[in-house]
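J.: In the numbering used here, the protein residues as written are 381 to 503. A virtual CB, placed ideally from N, CA and C, is assigned to each residue, including glycine. Quick caveat: nothing in here was measured; it's all calculated off a predicted structure.
#1: Alpha carbon to alpha carbon, what distance is there between residue 438 and residue 472?
#2: State the DSSP-derived secondary structure class of residue 488, mapped to helix, strand or coil.
#3: With DSSP run on the structure shown, which of helix, strand or coil describes residue 402?
#4: Which full runs of the beta strand (DSSP E) of 3+ residues lie inside the region 402 to 474, going along the chain?
#5: Straight-line CA distance for residue 445 to residue 405?
#6: With burial defined as no fewer than 16 other Cβ atoms inside 10 Å of the residue's Cβ, what is the status of residue 383: buried or exposed?
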């Protein structure tokens with residue numbers, strides 16, 4: 381089953397267990413032709429990202445756990461679910477009650493490395 385969720389050669393996908401064990405996996409899809417592009421960027425990805433974040437925050441508010449999975453074999457996922465070729469699979473979101481309390485994530489970068497004033501690189 382896990383071969384459907386990561387392309388060949390991708391060895392470390394920590395969400396494999398969540399995908400295999402979750403009672404529900406939400407497949408986030410978008411129709412690029414319905415969204416269009418702004419300044420050469422496909423806007424459907426922004427819309428899908430906003431929807432995913434809202435879903436994840438709402439799930440957490442209900443005591444559920446989820447994670448955004450962006451590494452999977454889109455062709456295989458579309459084949460399994462009979463998703464039309466014109467529709468893009470943007471992400472997978474396993475959803476369920478956590479088996480244990482969430483652990484702390486990786487350390488965050490200091491704001492001085494990612495937040496600038498007036499110009500890039502200016503503190």
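T.: Considering the structure as presented:
#1: Within the chain shown, the letter at position 92 stands for residue 472. Within the chain shown, the letter at position 58 stands for residue 438. Their Cα atoms are separated by approximately 16 Å.
#2: Taking the first residue of the chain shown as position 1, residue 488 is located at position 108. Coil, per DSSP.
#3: Within the chain shown, numbered from 1, the residue matching residue 402 stands at position 22. Coil at residue 402, not helix or strand.
#4: The region 402 to 474 contains these whole beta strand (DSSP E) runs: 404 to 410.
#5: Within the chain shown, numbered from 1, the residue matching residue 445 stands at position 65. Within the chain shown, numbered from 1, the residue matching residue 405 stands at position 25. Taking the straight line joining both Cα atoms gives about 11 Å.
#6: The residue you call residue 383 lines up with position 3 of the chain shown. Because residue 383 sits at a pLDDT of 47, beneath the cut-off of 50, its placement in the model cannot be relied upon, and the following sentence gives the value as read from the coordinates. So residue 383 ends up on the exposed side.
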